[in-house]
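The sequence shown begins at 1 in our numbering and counts up by one.
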Amino acid sequence: MTMRSSLTLAACVAGLLGACGPAASNDAPDTPAPTAPVAEAVEAAPVETAADALPPQTASRPLPNEGYDWDTRLNAEGRERSMVLAYEVPDTDDQPLNLSCEETGRRIFAGTQTSGTDVRTVTLESDGISRTYPVKEAVADELGGGQYVTVELAGNDPTLEAFRDSGWLRMTVEGRTTDMVAHPNSGARTKIISFMAFCNG
């Protein structure tokens, strides 16, 4: 083999070895996926619970009347104990309605003053339950005119049970409506519950 042939063969071998080397990569280097920014912690505003405030006044749930509230009086004289639950202005004779019963008698009487002398019914409502009751007794009021009328309800009457649970009662008589609502934190709600328990045993 001539010198020129040897050089030519060496050049070809070198070219083949270079072709067998690692090929250049066209792939782009891996790029980390973008990370979502971390939101700064925001302090939540305090949420007012139902127990923190009075429920709003609606057509079905009235608000308390200033000066009026429910109160009880126990009569322990005689053979049978009795109790009165009255909606009134304390220490006055301003008393739109009173409820009364004998202990464990399971009957409750509701009495109210009227201006007319021919009242036949009284309607009571509480927490969506409304019933109209016939007048059981009417006594003429010789001083103020009108009558004092009384209706009778069963101790487990649905309107009274709703009143016990809600703390408010609405009375309609002679076309006039009176909302009677226990004031919060006055103890009136407890008195209503105790009265119902006294009447029903």
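Cβ atoms here follow ideal geometry from the backbone N, Cα and C, with glycine treated the same way.
Exercise for review: Could you tell me the boundaries of the alpha helix (DSSP H) in which Ala188 lies?
Suggested key: Ala188 to Asn200
**Study point:** Contained alpha helix (DSSP H) runs [length at least 4] in the segment 128-186, N- to C-terminal order
**Key:** 158-166
Check your understanding: Which of helix, strand or coil does DSSP assign to Tyr68?
Key -> coil
**Study point:** Cβ-based neighbour list, Pro90, same chain, cut-off 6 Å, excluding 5 preceding and 5 following
**Key:** none
Practice item. Just mark Pro184 as buried or exposed, buried being the case when its beta carbon has 16 or more other beta carbons within 10 Å. Key: exposed
Point to revise | Where Val139 falls, given that 16 or more other Cβ within 10 Å makes a residue buried | key: exposed
Review point. Is the segment 122-136 in contact with the segment 72-85, if contact means three or more CB pairs nearer than 8 Å?
Key: no
Review point. In chain order, what residues of the same chain have a beta carbon less than 8 Å from the beta carbon of Gly67, not counting five sequence neighbours either side?
Key: Val89
Check your understanding: Is it buried or exposed for Thr117, if we count other Cβ within 10 angstroms and need 16 for buried?
Key -> exposed
Exercise for review: Note the first and the last residue of the continuous beta strand (DSSP E) segment covering Gln95.
Suggested key: Neither: Gln95 is in no beta strand (DSSP E) and is coded neither H nor E.
Check your understanding: Taking Cβ positions, are Arg189 and Gly155 nearer each other than 8 Å?
Key -> no
Review point. What does DSSP give as the partner residues of Thr121 in its beta bridges?
Key: Pro134
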